[in-house]
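Below: one structure, written as structure tokens.
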Amino acid sequence: MAQNRYDAIVIGAGMSGLAAGIRLAQFGKRVVVLEKHALWGGLNSFYKRGGRRYDTGLHALTNFVPKGTKSTPLAKLLRQLRISYDELNLHEQTWSRVCLGDITLRFANQFGLLAEDVAAAFPAEKDAFARLVDEVRTFDAFDAEAPVRSARAEIRRFLRDPLLIEALLVPICWYGSAREDDIDWDQFVILFRSLFLEGFARPAGGIKPFLDLLLARYRAEGGELRTRAGVERILFDAHSAARGVRLEDGTELESDCVLSSAGYPETMALAGRPTTEADVGRLSFVEIVHVLDRTSAALGNDATITFFTTQREFGWRRPETLVDTHTGVICCSDNYATHDPQRDGVLRITSLANYDLWCALDEAPYRAAKVAAESAILDAAAAFAFDPRPHRIASDMFTPRTLRHYTGHIGGTVYGSPHKRRDGRSGVKNLHLIGTDQGLLGIVGSMLSGVSMANRHALMETRANQLS
Amino acid sequence: MNREEIILAIKDIITTIAPDEDVGSLKNDVRLREQIELDSMDFLDIVMELRKRYGVQVPEEDYKELATLDGCVAYLSPKLQGKVLKVGV
């Protein structure tokens with residue numbers, strides 16, 4: 001095979017790209033994963049500042065199930081990548097909660113806690129909630145041909161109390177909705193399972209050891225990773241099928257199979273194809289990280305993750321101001337079971353933000369806006385956890401501008417386009433979508449997305465393509 | 001490969017893909033999916049391992065032929081003729 005010719009080219013060394021790469025390399029395909037930045041991991045990466053390593057986004061690995069649990073997304077993923085459960089070195093959450101104003105629902109890696117708290121706070125909805133859970137357990141959320149449905153509308157078939165509906169939507173939207181004020185029903189089902197029926201864990205040491213494991217697997221199978229290798233555009237043959245990519249340094253790589261994790265509108269931009277404004281998500285975030293001089297538990301907070309709204313209404317939409325302090329996620333990543341007594345307290349708080357407003361700021365006002373936003377967010381979140389400011393050792397913050405720079409996502413989105421392409425179809429022959437815009441969520445979901453598209457488009461053979 | 005060797009070859013592949021499954025007690029005439037936890041992604045892996053180890057190609061349309069161990073023997077016998085069993089790769 002010519003030096004620049006590959007069986008498959010994967011754009012982006014995030015979770016989906018690395019997982020796709022492992023699958024392809026495992027079966028002897030010549031594959032290259034192209035990463036624009038110096039580091040891999042995409043949305044779940046890491047960086048160093050002031051001698052300290054920070055994870056970029058990891059709150060939790062959702063889809064946690066105990067070792068030996070079969071037929072779950074985590075079990076399927078590990079089998080496909082031939083990684084053993086023990087290698088992940090997962091530490092479980094203590095428990096987490098949703099706070100909708102004064103209403104609190106706790107949940108943990110045992111589903112019983114949520115069922116109990118729902119029954120206590122919403123006694124009239126106890127049986128209806130059980131029926132909703134049955135539906136979520138049995139619904140086929142992976143039928144790519146099914147029409148897109150509103151989760152709100154579907155939930156209303158079961159639940160009547162708007163406060164319970166709202167309370168359930170808070171963590172689910174926060175962990176994966178690209179749609180304002182709603183989420184697709186199939187994504188609701190997938191997330192409900194991964195958050196409530198399965199659970200939260202964290203790889204020991206955060207995302208870096210997890211990424212090391214993936215990269216080691218990929219390289220052991222002969223896969224090639226190129227960093228600082230941004231794609232300038234997709235190349236086409238005379239029949240408008242993708243035939244490879246041109247990198248920003250002018251290098252051209254050829255393949256009849258290009259898997260892109262860049263996102264739908266971003267991939268279309270690389271392909272020179274038009275998209276509409278509606279394809280770009282409107283939701284972006286700011287996130288604050290504080291390293292503390294004592295543990296979160298010592299500061300009175302045992303919960304691993306707290307999803308809060310300050311009033312009894314949620315409002316999952318782009319704010320009219322730089323940030324929206326009325327809803328957020330507080331993650332105490334030291335509240336995962338660990339045997340390390342010397343651990344630092346780490347508090348992360350994520351809030352909704354307006355991409356356009358952040359990007360319109362010049363450097364000095366941008367810095368001032370960060371300081372003001374941080375202070376307002378910490379004030380609002382203190383009521384649901386603690387005020388970290390007296391115990392701060394180090395801290396950092398990212399804004400929609402940071403997200404745009406490091407993810408390449410138009411609009412600084414985290415959950416990508418509101419219109420998911422569940423079958424990975426890009427509309428261009430030989431070019432397929434993997435990752436966030438395929439609609440599978442979380443670390444496990446996005447990796448399964450990469451696996452399934454690699455299987456479908458680069459491994460599985462049909463009589464037709466065997467002849468060619 | 002003869003019948004017994006083909007069954008051994010398939011069981012060894014299943015052990016590679018799904019190390020936590022017990023292949024010792026598999027019945028030859030019952031669907032594999034009814035005896036152990038195997039989904040369509042796992043069947044792809046059986047096919048990919050057959051290709052990797054023995055150079056045998058199985059198109060997607062024929063996956064259904066591999067539903068039971070007896071089915072595997074019937075479908076793979078002509079394709080594996082003259083090939084040598086590789087176990088524990």
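Chains A and B supply the protein sequences, listed in that same order. Counted the way our numbering counts, the first sequence spans residues 1 to 468. Counted the way our numbering counts, the second sequence spans residues 1 to 89. Glycine included, each C-beta is placed from N, C-alpha and C at the ideal position. This one's a predicted model, so the numbers in the text were calculated from it and none came from an experiment.
With DSSP as the reference, please indicate the residues paired to residue i in a beta bridge.
| i | result |
| --- | --- |
| Lys48(A) | Arg53(A) |
| Tyr336(A) | Gln93(A) |
| Gly416(A) | DSSP, once it has assigned bridges, lists no residue as partnering Gly416(A). |
| Arg348(A) | Val289(A), Cys331(A) |
| Thr295(A) | None, per the DSSP bridge assignment. |
| Glu254(A) | Arg5(A), Gly244(A) |
| Leu105(A) | Val98(A) |
| Asp184(A) | Ser150(A) |
| Met397(A) | Ile288(A) |
| Asp324(A) | Leu352(A) |
| Gly14(A) | Gly41(A) |
| Pro203(A) | Leu90(A) |
| Glu224(A) | Val32(A) |
| Leu431(A) | Val258(A) |
| Arg392(A) | Leu292(A) |
| Val23(B) | DSSP lists no partner for Val23(B). |
What's the call for residue i, buried or exposed, on a 16-neighbour Cβ count within 10 Å?
| i | result |
| --- | --- |
| Lys126(A) | exposed |
| Asp362(A) | exposed |
| Gln438(A) | buried |
| Pro171(A) | buried |
| Pro78(B) | exposed |
| Gln110(A) | exposed |
| Glu61(B) | exposed |
| Pro203(A) | buried |
| Gln26(A) | buried |
| Glu198(A) | buried |
| Asn455(A) | buried |
By alpha-carbon positions, which one of the options ends up nearest to residue i?
| i | options | result |
| --- | --- | --- |
| Ala269(A) | Ala369(A), Ala364(A), Val231(A), Met447(A) | Val231(A) |
| Leu440(A) | Ser16(A), Ala382(A), Ala2(A), Thr304(A) | Ser16(A) |
| Gly50(A) | Ala146(A), Phe398(A), Ile393(A), Lys420(A) | Ile393(A) |
| His91(A) | Cys99(A), Glu313(A), Pro418(A), Phe210(A) | Phe210(A) |
| Gly442(A) | Val414(A), Arg79(A), Tyr406(A) | Val414(A) |
| Thr275(A) | Gly315(A), Leu24(A), Gly427(A) | Gly427(A) |
| Phe129(A) | Arg149(A), Pro418(A), Pro162(A), Ala144(A) | Pro162(A) |
| Phe142(A) | Asp423(A), Leu214(A), Pro388(A) | Asp423(A) |
| Ser452(A) | Thr462(A), Asn465(A), His432(A), Ala464(A) | His432(A) |
| Asp324(A) | Asn354(A), Gly101(A), Ala216(A), Arg149(A) | Asn354(A) |
| Gly88(B) | Glu4(B), Ile14(B), Arg3(B) | Ile14(B) |
| Gln35(B) | Arg53(B), Asp22(B), Arg51(B) | Asp22(B) |
| Asp249(A) | Ala241(A), Ser255(A), Arg233(A), Cys257(A) | Arg233(A) |
| Glu469(A) | Arg425(A), Glu198(A), Arg456(A), Ala454(A) | Here chain A covers residues 1 to 468 and nothing more, so residue 469(A) does not appear. |
| Ala380(A) | Thr304(A), His419(A), Thr309(A), Phe107(A) | Thr309(A) |
| Ser351(A) | Pro400(A), Leu259(A), Pro365(A) | Pro400(A) |
| Leu24(A) | Asn465(A), His457(A), Arg463(A) | His457(A) |
| Leu38(B) | Tyr54(A), Arg152(A), Arg79(A), Ala60(A) | Arg79(A) |
| Arg193(A) | Ser71(A), Tyr47(A), Ala278(A) | Ser71(A) |
| Thr306(A) | Ala60(A), Ala360(A), Asp7(A) | Ala60(A) |
Can you list, in chain order, the residues of its chain whose CB lies under 6 Å from that of residue i, leaving out five sequence neighbours each side?
| i | result |
| --- | --- |
| Leu74(A) | Asn63, Val65, Val444 |
| Ser468(A) | Because Ser468(A) sits at a pLDDT of 46, beneath the cut-off of 50, its placement in the model cannot be relied upon, and the following sentence gives the value as read from the coordinates. Cβ neighbours of Ser468(A) beyond the five flanking positions: none. |
| Leu299(A) | Phe386 |
| Gly101(A) | Gln311, Arg312 |
| Ser177(A) | Ile183 |
| Phe398(A) | Glu287 |
| Leu164(A) | Phe122, Glu125 |
What does a CB cutoff of less than 7 Å around residue i pick up in its chain, not counting 5 residues either side in sequence?
| i | result |
| --- | --- |
| Asp237(A) | Arg243 |
| Met1(B) | Ala9, Leu80, Lys83, Leu85 |
| His409(A) | Gly263, Glu266, Leu403, Gly416 |
| Phe121(A) | The sequence shown places Ala at residue 121(A), rather than the Phe named in the question. So the list reads Ile103, Leu105, once near-sequence residues are dropped. |
| Ala119(A) | Lys126 |
| Lys420(A) | Asp184, Asp437, Gln438, Gly439 |
Less than 7 Å separating the Cβ of residue i from some heavy atom of the ligand MG?
| i | result |
| --- | --- |
| Gln81(B) | In the structure shown, the ligand MG is absent, as is every other ligand, since no ligand is present at all. |
Whose C-beta lies closer than 8 Å to the C-beta of residue i among residues of the same chain, with five residues either side of it excluded?
| i | result |
| --- | --- |
| Val291(A) | Arg52, Asp344, Gly345, Val346, Arg392, Ile393, Ala394, Ser395 |
| Leu378(A) | Ile288, Ile349, Asp387, Pro388, Arg389 |
| Thr94(A) | Ala108, Asp302, Ala303, Thr304, Asn335, Tyr336, Ala337 |
| Arg273(A) | Gly427, Val428 |
Establish whether the CB of residue i and some CB of chain C are separated by less than 8 Å.
| i | result |
| --- | --- |
| Asn63(A) | Checking the listed chains, one finds no chain C in this structure; the protein chains it contains are A and B. |
Are the segment 363-371 of chain A and the segment 72-85 of chain A touching, with three or more C-beta to C-beta distances below 8 Å? Result no; under three Cβ-Cβ pairs closer than 8 Å.
At least 3 beta-carbon pairs within less than 8 Å: the segment 182-200 of chain A vs the segment 130-144 of chain A: yes
Decide if the segment 321-332 of chain A is in contact with the segment 343-351 of chain A; the criterion is three or more beta carbon pairs, one per stretch, under 8 Å apart. Pairwise C-beta distances place the segment 321-332 of chain A in contact with the segment 343-351 of chain A, as three or more of them are shorter than 8 Å.
Three-pair Cβ contact test at 8 Å for the segment 21-35 of chain B versus the segment 56-68 of chain B: yes
At least 3 beta-carbon pairs within less than 8 Å: the segment 7-14 of chain A vs the segment 28-42 of chain A: yes
For the pair the segment 212-228 of chain A and the segment 31-39 of chain A, tell me if three or more CB-CB distances fall below 8 Å. Put simply, the segment 212-228 of chain A touches the segment 31-39 of chain A. At least three CB pairs are less than 8 Å apart.
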